[in-house]
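Protein chains in written order, with this note's numbering: chain A, 6 to 186; chain B, 111 to 401.
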Ligand SMILES: Cc1cc2nc3c(=O)[nH]c(=O)nc-3n(C[C@H](O)[C@H](O)[C@H](O)COP(=O)(O)OP(=O)(O)OC[C@H]3O[C@@H](n4cnc5c(N)ncnc54)[C@H](O)[C@@H]3O)c2cc1C
Ligand code: FES
Ligand code: FES
């Protein structure tokens, strides 16, 4: 019955699946095309950190709870710690390293600095990328909407108020309503 | 670290079913992966063959027609939360979906994965049981519809056969003069107690009441004794208080690390009283809206 099935792997892989096989990953990371051979089990976080040297996304809880590994996959926030790199095939990945353009910070990064929404900085890449996803779909969120959207990104330092203010500030900067100070 | 596996990319449900059959217990369906990958990373289970059903077209459709809301198993929580069809036909479900987990899990996790994993702390499971939804399962042997309540057979256990794919959740839209309310309480990542009530009124009396409880025990279930004591009665606070007390006593509850049986029964009581009152108000907003 198996040989009737036309899937990529059934022909070449032993039944146990424990032998190393690789698949081709064609993706775009921070606007740059990336092509690599990966094992299907490769996690997106390890691919970004170990293969591409992009260490902005971090690992902490490893179970989808804390958000320090957040990256955007076609604009949607995902936990890179629990996402297969395979999922990035044919899609675009944005990490914190891809946000600044030509040496100039993105308004969200600027807003986080100006509102002192950063202390140790461990949560910051995830906070900023989640904020980007929020503002891209809802440019003027209420405080409640901000708190709900960022609710899955934990910060052990700031107490969150500064972060919520930074997001509001970023929204105004992006709408061109406020000059950068 | 994950152990090695291969990923299959079926193009049709029948093909996915054939792969499940061929690889037996070595194969698992892979949808959003939000449960599956964590279980595999922690070494609690290993599947050398993952069957990615996201390559099957059309499994994430959401549509309402002929008094039925149909949600494809691959619809993500986020898609359901934002769907104009769901917001219009079943706003309680849209609100429920918005409260699940966090934005990352909602963007990737599917309703089908939530139901098939049968982790008892599920929001949609409880509401779907109260709504008498049916789950459509398809294999190469054919298609069958199974009521949500009989789908959940125990802790992480369902009536799904290994070669079956959940393709669609079918929700009969509530008739006129029926109201639904959903209540949850949580202290951790997932809900500790979930209660859903459906109340249908006829001339000031309760013609039909359904009460489902979940998260507190191994599986969500209806509380038929409570439903019987409500039917034919005039809705008021005393009736709901008595019903909620009975709900707390009848619910199937298991002790967990941080929650005792007593504590969970107390939650069921409080949430049941709230859900019944709100559902009644929604059943007939003008008649009971003032109290
Ligand atoms: C941090 C966190 C918080 C959460 N909080 C909540 C919460 O508050 N409330 C709540 O209700 N849930 C919660 N969840 C659960 C969440 O809803 C599920 O993780 C998600 O919906 C699973 O969907 P998935 O597509 O990722 O499933 P997968 O991980 O891909 O699959 C899960 C299981 O179902 C099987 N499966 C998947 N799809 C099908 C199908 N169509 N047919 C047959 N079998 C299938 C898979 O083989 C696997 O065994 C939480 C999860 C996490 C990780
Ligand atoms: S490390 Fe990925 S969510 Fe915490
Ligand atoms: S700034 Fe330290 S965790 Fe947020």
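Ideal Cβ positions, reconstructed from N, Cα and C, are used throughout, including at glycine.
The beta carbon of residue 59 of chain A lies closer than 6 Å to those of 53, 100 and 102 in the same chain, with the five residues before and after it left out.
Beta-bridge analysis with DSSP links residue 75 of chain A to A:84. For the region 162 to 173 of chain A, no residue has a beta-carbon sitting nearer than 7 Å to a beta-carbon of chain B.
Around the C-beta of residue 320 of chain B, 16 or more other C-beta atoms lie within 10 Å, and the residue is accordingly described as buried. Non-local C-beta neighbours of residue 178 of chain A in its own chain, meaning closer than 7 Å and more than five positions away in sequence, comprise 112, 115, 116 and 185, ordered along the chain.
Cβ atoms of residue 134 of chain A and residue 90 of chain A stay farther apart than 8 Å, at about 17 Å. Legend: CB atoms of the region 345 to 363 of chain B lying less than 7 Å from CB atoms of chain A are not found in any residue. Using a cutoff of 7 Å, the CB of residue 67 of chain A counts as near ligand 2, since one of the ligand's heavy atoms is closer than that. Bridge partners of residue 140 of chain B according to DSSP: B:162. Counting along the chain, residue 308 of chain B sits inside the beta strand (DSSP E) bounded by residues 303 to 312.
Counting of Cβ neighbours within 10 angstroms places residue 282 of chain B among the exposed residues, the total staying below 16. For residue 366 of chain B, not one C-beta of chain A is nearer than 8 Å to its own C-beta. In this structure, the straight-line span from the alpha carbon of residue 286 of chain B to that of residue 307 of chain B is close to 15 Å. Taking 8 Å as the threshold, the shortest C-beta distance from residue 115 of chain B to chain A falls below it. At a cut-off of 8 Å between C-beta atoms, residue 64 of chain A does not count as an interface residue with respect to chain B.
Your pair residue 148 of chain B and residue 69 of chain A checks out as a contact, with CB atoms roughly 7 Å apart and the cut at 8 Å. Put simply, the CB of residue 224 of chain B is far from chain A, with every gap to its CB atoms at 8 Å or more.
Counting only the Cα atoms, residue 237 of chain B lies some 9 Å from residue 202 of chain B. For residue 44 of chain A, the chain B residues whose C-beta falls within less than 8 Å of its own C-beta are 114, listed in chain order.
Distances from the CA of residue 213 of chain B to each of A:109, A:76 and A:94 were compared; the closest alpha carbon is that of A:76. In terms of Cβ geometry, residue 138 of chain A and residue 81 of chain A form a close pair [threshold 8 Å]. Annotated as distal: residue 158 of chain A and residue 118 of chain A, with beta-carbon spacing of 8 Å or more. Neighbours of residue 332 of chain B in chain A, taken as residues at a C-beta separation under 7 Å, are lacking, since the least C-beta distance is about 31 Å. Exclusion of the five residues before and after residue 129 of chain A leaves 117 and 123 as the residues of its chain whose Cβ lies within less than 7 Å of its Cβ. The continuous alpha helix (DSSP H) containing residue 348 of chain B extends over residues 347 to 360. Our two residues, residue 390 of chain B and residue 347 of chain B, have alpha carbons roughly 11 Å apart in a direct line. In the three-state reduction of the DSSP assignment, residue 332 of chain B falls in the strand class, which pools E and B. Taking a Cβ-Cβ threshold of 8 Å, the residues of chain A close to residue 215 of chain B are 69, 84 and 157, in chain order. Around the beta carbon of residue 111 of chain B, fewer than 16 other beta carbons sit within 10 angstroms, so the residue counts as exposed. Nearest CB-CB separation between residue 27 of chain A and chain B: not below the 8 Å threshold. Rounded to whole angstroms, residue 85 of chain A and residue 350 of chain B show a C-alpha spacing of 46 Å.
Annotated three-state conformation of residue 170 of chain B is coil, per DSSP. Residue 266 of chain B places its beta carbon 8 Å or farther from that of residue 256 of chain B. Counting along the chain, the unbroken alpha helix (DSSP H) around residue 386 of chain B starts and ends at 371 to 393.
Here the region 168 to 178 of chain A does not lie against the region 215 to 235 of chain B, with fewer than 3 beta-carbon pairs under 8 Å apart. Taking all protein chains in view, the Cβ of residue 297 of chain B is surrounded by fewer than 16 other Cβ atoms within 10 Å, so the residue is classified as exposed.
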